[in-house]
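Numbering (this note's numbering), first residue to last: 1105 to 1536. We treat Cβ as the ideally placed atom computed from N, Cα and C, and that holds for glycine. Just so it is clear, the structure is predicted and the values come from calculations on it, not from any experiment. In what follows, a structure is listed as structure tokens, so that the remarks can point back to it.
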Ligand code: NOJ
Ligand code: NOJ
């Protein structure tokens, strides 16, 4: 708790000073959570937080490799590599290679939920106790990240490595990306567990990343001469697109998070930030549900209204911006189920949407809305700054006190915040 007394807010640092140091701290904290000494190389722990209850209940233990968190993290590692000095390239590329090898090992580990397995122990075995499975966003996010890695290797003249380890173009396949793409293309219609690991149904977030994975996978398949597969992947992506359109509810002015609900917490308001994450991580920049799409912006604004009302800390005049959580009915407080809080990663995701939509609107000549959104993005980042302490971020911060709560040093908090800061920089450079 002592960290909190020295929060960046108290230090009176400017936002610019904060983003500069936050970039460095985020990178350090992300790398610290990859390949820890007691884990197989390539493992990404969700957080160093270990919490084994005497009764064996470890629902609050974060010392595992979640397929989703790991894929999103390694995608940010690819972005870190693009900006890193020459002296760090070999190290970063080793992490990526280890991650790709570990991912293949995970795929070949026998477990009833197969490629949809939500998380793995740090020794590489599947987490086989009760859990919300399958989570089909995992293979999609993993193949998006590894597809980018494959492109990097091809650009470095390592095509051979790609066709032997990452995408062999064979059925049955021995390669990690092809295995994920086949799984997605053949199973996407299925009901699964959502990214919050609670609700069974059909989820917008999952469909968005599945569509992106297949579109990107088709491009890779074409490049490597697997033409029939490319056509098949694109056909399925088109079908997913039609399925995604059904999530728009014009009466509510919202993209809803789940259709064909089966079980799990009910969300009568249909407000769930996972929709915004779906826009970010499922973005293909081909016009389909772009950041500035009126449906996206309407959904985004309705979320802000709702979260503003929800948390005490959103109504304290000394703080800028709005703190964002998962969904209004949420009760998961990180270390208990007595009430949920806002999350760093979600507040940073909202900042990103602002900057990215602002960029699109400015390119379309809508300078007024572009500026408004840019400033709103800055206010979300100011919010993140307020509740973090010395650059450190847990998963949640308390809805009433604003102090950090829940699993400490959540990898995903750092990746989403780093991406938000980069998005801000890109837009502000262009504004000059
Ligand atoms: C319960 C939470 O509601 C869920 O979202 C989370 O993933 C698990 N606990 C594990 O931390
Ligand atoms: C809980 C979140 O609900 C889930 O999305 C995440 O994968 C795990 N924590 C691990 O960070």
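Backbone secondary structure at residue i - three-state DSSP
i            : result
residue 1178 : helix
residue 1499 : coil
residue 1138 : strand
residue 1474 : helix
residue 1367 : strand
residue 1188 : coil
residue 1170 : strand
residue 1447 : strand
residue 1075 : The structure shown does not extend to residue 1075, since the chain is modelled only from 1105 to 1536, so the question has no answer here.
residue 1143 : coil
residue 1336 : helix
residue 1271 : coil
residue 1526 : helix
residue 1207 : helix
residue 1458 : helix
residue 1409 : helix
residue 1253 : helix
residue 1242 : helix
residue 1157 : coil
residue 1426 : coil
residue 1399 : helix
residue 1193 : helix
residue 1106 : With a pLDDT of only 37 at residue 1106, under the threshold of 50, the placement of this residue in the model should not be trusted; the figure read from the coordinates follows. Helix.
residue 1122 : helix
residue 1328 : coil
residue 1392 : coil
residue 1345 : helix
residue 1484 : helix
residue 1437 : coil
residue 1387 : coil
residue 1421 : coil
residue 1452 : helix
residue 1533 : helix
residue 1216 : coil
Of the residues the options, the one placed nearest residue i, counting alpha carbons only
i            : options                : result
residue 1535 : 1385, 1464, 1301, 1394 : 1464
residue 1240 : 1452, 1223, 1252       : 1223
residue 1233 : 1415, 1510, 1476, 1217 : 1217
residue 1444 : 1480, 1124, 1300, 1345 : 1300
residue 1496 : 1178, 1484, 1509       : 1509
residue 1166 : 1155, 1175, 1145       : 1155
residue 1312 : 1369, 1283, 1257, 1382 : 1382
residue 1183 : 1172, 1400, 1173, 1196 : 1196
residue 1244 : 1122, 1318, 1169, 1131 : 1318
residue 1304 : 1236, 1220, 1429       : 1236
residue 1149 : 1462, 1482, 1227       : 1227
residue 1246 : 1170, 1260, 1194       : 1170
residue 1365 : 1230, 1294, 1425       : 1294
residue 1400 : 1375, 1415, 1257       : 1375
residue 1238 : 1287, 1252, 1363       : 1287
residue 1517 : 1447, 1480, 1490       : 1447
residue 1421 : 1490, 1159, 1321, 1324 : 1490
residue 1310 : 1282, 1468, 1248, 1259 : 1248
residue 1270 : 1292, 1302, 1321       : 1321
residue 1434 : 1419, 1424, 1414, 1418 : 1414
residue 1118 : 1163, 1231, 1483       : 1483
residue 1440 : 1159, 1163, 1136       : 1163
Check: residue i C-beta below 7 Å from any heavy atom of ligand 3
i            : result
residue 1300 : Here the bound small molecules are ligand 1 and ligand 2; ligand 3 is not part of this structure.
Cross-strand partners of residue i (DSSP beta bridge)
i            : result
residue 1359 : 1352
residue 1307 : 1362
residue 1230 : 1224
residue 1297 : 1304
residue 1508 : 1501
For residue j and residue i, believed in contact at Cβ under 8 Å, the rounded distance
i            : j            : result
residue 1280 : residue 1354 : About 40 Å separates the two Cβ atoms, so there is no contact after all.
residue 1371 : residue 1361 : 7 Å
residue 1498 : residue 1511 : 6 Å
residue 1513 : residue 1151 : 6 Å
residue 1284 : residue 1219 : 7 Å
residue 1525 : residue 1127 : 6 Å
residue 1130 : residue 1199 : Contact doesn't hold; Cβ gap of about 16 Å is too wide.
residue 1427 : residue 1451 : 6 Å
residue 1213 : residue 1229 : 6 Å
residue 1549 : residue 1461 : Any answer about residue 1549 is impossible in this case: the structure gives the chain only from 1105 up to 1536.
residue 1408 : residue 1453 : Wrong, their Cβ atoms sit about 12 Å apart, outside the cutoff.
residue 1519 : residue 1180 : 4 Å
residue 1316 : residue 1221 : With 8 Å as the limit, residue 1316 and residue 1221 do not qualify as a contact, their Cβ atoms being about 21 Å apart.
residue 1500 : residue 1437 : 7 Å
residue 1363 : residue 1350 : 6 Å
residue 1344 : residue 1352 : With a Cβ gap of about 15 Å, residue 1344 and residue 1352 do not count as contacting.
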